[in-house]
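Structure first, commentary second.
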Amino acid sequence: MLIGKELTQAINEQIGHELAASHQYVAIAAYFDGLALKRLAKMFYRQGEEEREHAMKFAHYVVEAGGNLEIPTIPAPKAIFKSVEEAVQLSLDWELEVTRRINGLMDIAVSQKDYLGQDFLRWFVTEQLEEVSTMQNLLQVVKTAGERNLIMLEAYISHQD
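Using the numbering used here, the first residue of the sequence shown is number 15, and each one after it goes up by one.
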């Protein structure tokens, strides 16, 4: 076995968080779809797919490293929002929490001198910079545009593709 039990358990928990993020982003995308914010919806559907891919990377790593894969129960996502700002703020908060959790995984790998684990996790550490930055920028644009000018948000996103 190339992975310790503590890191295996923590990664299994992270798989649950990644899948929950995937579900949450799909729920947010559907909310945006309902507001006819098609570009924003497309962005969040894509985020949902990306989070699922992250979960699969973790799952494959656990199996390849000889750990026992145990996917936890995934809670239902929040589906009703008061505003676009609330939905985007939830996304930013989620990414900040994921960053904290990824750093925690790295802490375990470092403390156990698990060099394979550290190498694997480095990609996720770097990825979180992009994830947090994207959501921070989006939230700033939402706040600047305001709920009455959401068409400007759609225009902003169309230039990001």
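The beta-carbon is built from N, C-alpha and C at its ideal position, and this holds for glycine as well. None of these values were measured; they are calculated from a predicted model.
CA-CA distance, Met-120 to Lys-19, rounds to 14 Å. Out of Phe-46, Leu-51 and Ala-69, the CA that lies nearest to the CA of Leu-135 is found in Ala-69. Nearest C-alpha to Val-146 among Gln-23, Gln-103, Leu-51 and Leu-130: Gln-103. One Cα belongs to Thr-22, the other to Ala-79, and the distance between them is close to 9 Å.
Remark: C-beta atoms of Ala-24 and Ile-122 approach each other more closely than 7 Å. The way I'd put it, the region 55-62 doesn't touch the region 160-169; fewer than three beta-carbon pairs between them come closer than 8 Å. Counting only runs of 4+ residues, the alpha helix (DSSP H) found wholly inside the region 69-140 occupies 98-125, in chain order. Minimum Cα-Cα distance from Lys-71 among the listed residues Phe-138, Asp-107, Leu-54 and His-37 corresponds to Phe-138. When secondary structure is reduced to three states using DSSP, Gly-48 falls in the helix class.
Distance check between Tyr-39 and each of Met-15, Glu-27 and Glu-64 places Glu-64 closest, using alpha-carbon atoms only.
Sequence-distant Cβ neighbours of Ala-34 in its own chain, meaning closer than 8 Å and more than five residues away, are Ile-88, Pro-89 and Pro-91. Excluding the 5 residues flanking it on each side, Ser-36 has same chain C-beta neighbours closer than 6 Å at Gly-62, Glu-65 and Arg-66, in chain order.
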